[in-house]
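Below: the structure, in structure tokens.
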Amino acid sequence: MDNDPEVDKKERLLTRRYFLESIGAGAIGIAAVGSIVLTGEYLAPNVVKEPPTKFKVGSPENYPPESVTLNKEQKVFIVRAKEGYFYALSAVCTHLGCITNWKSEDGIIACPCHGSKFDREGKKITGPAPRPLPRFSLSLDDQKQLVVDKSIMVSDEATLKV
Ligand code: FES
């Protein structure tokens, strides 16, 4: 057994030196990784991801005559009249942009925010909304799927017959 106090002191110094060097190297490594991440975020394009404006809403058979179906994700009503034709109505209230709801018991589209009410064709019945709910382009694609294009507004009379 070697109990030389000088050797013990030397070992303790080496251990302390090694420990401090390790902490220093770790701190430099963390700072380097943080810098790389922040630089990457700075250089990446600052893009807000919006859902596509043109999207499929399924087969016409999914919509019974005289139905109003809200597509919550896209904020669009798919309306099928009792005569069988279709149209796509915006579900965004023209007052301040709240999402409206179909009230089947009353046969109206109602805004929960300030009480605007619309008929199933999107025409205003009452409330502060300044305009009717706009209609979007609705078509059938090659696979006989209904396709809404929110980038194209159509007239209040436009319908799709299938
Ligand atoms: S947002 Fe619909 S009535 Fe105000």
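0 is the number of the first residue of the sequence shown in numbering that gives the first Met the number 0; add one for each residue after it.
Note that CB positions come from ideal geometry on N, CA and C, so glycine has one too.
Given the structure is predicted, the values throughout are model-derived calculations rather than measurements.
Here I108 is buried. Its C-beta has 16 or more other C-beta atoms within 10 Å.
K53 has D148 as its beta-bridge partners, per DSSP. Just measuring C-alpha positions, the residue of T52, Q142, T68 and P4 sitting nearest T99 is T68.
In terms of Cα proximity to W101, the closest of S89, L139 and E5 is S89. G33 and S150 have their C-alpha atoms spaced approximately 41 Å apart. Residues T158, L159, K160 and V161 of the same chain have their beta carbon placed closer than 8 Å to that of Y84, with the five preceding and five following residues left out of the count.
In terms of CA proximity to G57, D140 leads the group D140, R15 and M152. In this structure P131 is not in contact with D105, their Cβ atoms being roughly 18 Å apart against a cut-off of 8 Å.
Non-local beta-carbon contacts of T125 in its own chain, meaning distances under 6 Å to residues more than five positions away in sequence, involve K116 in chain order. With a 10 Å radius around the Cβ and a threshold of 16 neighbouring Cβ atoms, R15 comes out exposed. Cβ neighbours of P64 within its own chain (closer than 8 Å, five residues either side excluded): R79, A80, K81, E82 and G83.
In this structure, G114 has its CB closer than 8 Å to one or more heavy atoms of the ligand FES.
Within 10 angstroms of the beta-carbon of L19 lie fewer than 16 other beta-carbons, which makes it exposed. Taking every protein chain shown into account, the CB of Y86 has 16 or more other CB atoms within 10 angstroms, so this residue is buried.
Taking 8 Å as the cut-off, one finds no heavy atom of the ligand FES near enough to the beta carbon of A90. With contacts defined as CB atoms closer than 9 Å, D148 and T38 fail to qualify as a contacting pair.
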